[in-house]
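Just so you know, my numbering puts the end of the sequence shown at 931, numbered straight through with nothing missing.
Ideal Cβ positions, reconstructed from N, Cα and C, are used throughout, including at glycine.
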Amino acid sequence: MSDYQANGFFLAKNYFDASELEQFIAGANYLKQTPEIIDGPLKYFEKSQIDDSVILNRVEKFCDYLPLLNRILNGEKLLNSLKEITGREYILFKEKINFKLSGGGGFKPHQDGAAFRSFVNDELITIIIPVHNTNENNGCFQISNQIYSKQLLQHANGKISLKGYEEDLSDNWRNILLSPGDAFFFSSFLVHQSQNNLSSSDRSCFFVTYSPADYGDQRTKYFIYKRENFPPRIERKENKDYEPWRKKLSREIL
Ligand SMILES: O=C(O)CCC(=O)C(=O)O
Numbered sequence: 678m679s680d681y682q683a684n685g686f687f688l689a690k691n692y693f694d695a696s697e698l699e700q701f702i703a704g705a706n707y708l709k710q711t712p713e714i715i716d717g718p719l720k721y722f723e724k725s726q727i728d729d730s731v732i733l734n735r736v737e738k739f740c741d742y743l744p745l746l747n748r749i750l751n752g753e754k755l756l757n758s759l760k761e762i763t764g765r766e767y768i769l770f771k772e773k774i775n776f777k778l779s780g781g782g783g784f785k786p787h788q789d790g791a792a793f794r795s796f797v798n799d800e801l802i803t804i805i806i807p808v809h810n811t812n813e814n815n816g817c818f819q820i821s822n823q824i825y826s827k828q829l830l831q832h833a834n835g836k837i838s839l840k841g842y843e844e845d846l847s848d849n850w851r852n853i854l855l856s857p858g859d860a861f862f863f864s865s866f867l868v869h870q871s872q873n874n875l876s877s878s879d880r881s882c883f884f885v886t887y888s889p890a891d892y893g894d895q896r897t898k899y900f901i902y903k904r905e906n907f908p909p910r911i912e913r914k915e916n917k918d919y920e921p922w923r924k925k926l927s928r929e930i931l
């Protein structure tokens, strides 16, 4: 079906039909508006790159609250595509939406595998599901122009600092332009980054990650671990230090 094994990614244009897309748009709107609730979805904020105001960054663990989206993300269509693309069975590992509002910050060069390794030391796959058009001005996803290889590179403070991966050299990166309805599948070995959204409109995308089925359900464990180590701001304990988690991030979150 694809060159996924050789390139580490596969773009399926118009993969989702109109009713699926409607669910993603409704889900994104709901998650943007929903108040912060203790023990609810994990809602995180960031400082705007435009004016320092506090803006919504992302929401994670929403399948428990959005049954129709849950059905799509755990449904046969997606799971069969994952098998066709990779040759393996995958199950849901974690789900988030990066809102990347106007002023939302970019991500430093990284491989997702570096962050997931302690749960599943194997190849995971993420699907980007855009709810807006993505482009150079609003901080689209960018993949490395270096030869793709299934190995983890050295990360320090959430970032790859090797030659050929400098974040501000545009020759190092290829822009991935997406439209609502598209699905972009990429490996946890694929090096990627993104720029700040300095445009005046949102660039929101779901990032839904799947782990090989042989490891069993890792999602429950992952979200328990995350909630304990880096909960949303309303759940934080006064005397706990959250800096160790923050330091590992490819993107600063409040
Ligand atoms: O949303 C973006 O701009 C990039 C997200 C990303 O790189 C990630 O979540 O690993």
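I want to check one thing, is the minimum distance from the CB of residue i to the heavy atoms of ligand 1 below 7 Å?
i: K777; result: yes
i: S730; result: no
i: C882; result: yes
i: G816; result: yes
i: F739; result: no
i: S927; result: yes
i: H809; result: no
i: D789; result: yes
i: H832; result: no
i: F784; result: yes
i: S871; result: yes
So, with DSSP's three-state summary, where would you put residue i?
i: Q634; result: One cannot answer for residue 634 here, as it falls past the ends of the chain, which runs 678 to 931.
i: S758; result: helix
i: Y681; result: helix
i: Y887; result: strand
i: I749; result: helix
i: F687; result: strand
i: N873; result: coil
i: F693; result: coil
i: K625; result: Lying before the first or after the last residue shown, residue 625 is absent from the chain, which here runs from 678 to 931.
i: F932; result: It is not possible to answer for residue 932, since the shown part of the chain is limited to 678 through 931.
i: L698; result: helix
i: I930; result: coil
i: P909; result: coil
i: I805; result: strand
i: I732; result: strand
Handout entry: Stretch pair the region 738–748 + the region 787–804: three plus CB contacts closer than 8 Å
Key = no
Exercise for the section: Please determine if the region 691–706 and the region 855–863 are in contact, where contact requires at least 3 C-beta pairs separated by less than 8 Å. Expected result: yes
Handout entry: Those runs of the alpha helix (DSSP H) which lie wholly inside the region 760–800 and span at least 4 residues
Key = 790–793
Practice task
Determine, using beta-carbon pairs with one atom in the region 712–732 and one in the region 906–917, whether at least three such pairs fall under 8 Å.
Solution key: yes
Exercise for the section: Only counting runs of 3 or more residues, tell me where the beta strand (DSSP E) segments fall wholly within the region 811–868, in order along the chain. Expected result: 818–821, 850–852 and 860–864
Problem - contact_flag[the region 760–770, the region 838–845] where n(CB pairs < 8 Å) is 3 or more - result: no
Handout entry: Any 3 or more C-beta pairs closer than 8 Å across the region 884–900 and the region 798–809
Key = yes
Handout entry: Contact between the region 893–908 and the region 809–828 (3+ Cβ pairs under 8 Å)
Key = no
Problem - Touch test, the region 747–759 against the region 864–877, Cβ-Cβ under 8 Å, three pairs minimum - result: no
Handout entry: Segment contact flag, the region 831–841 with the region 731–741, C-beta cutoff 8 Å, min 3 pairs
Key = no
Handout entry: contact_flag[the region 867–880, the region 693–704] where n(CB pairs < 8 Å) is 3 or more
Key = no
Problem - Touching by the beta-carbon criterion (3+ pairs, under 8 Å), the region 730–738 and the region 769–779 - result: yes
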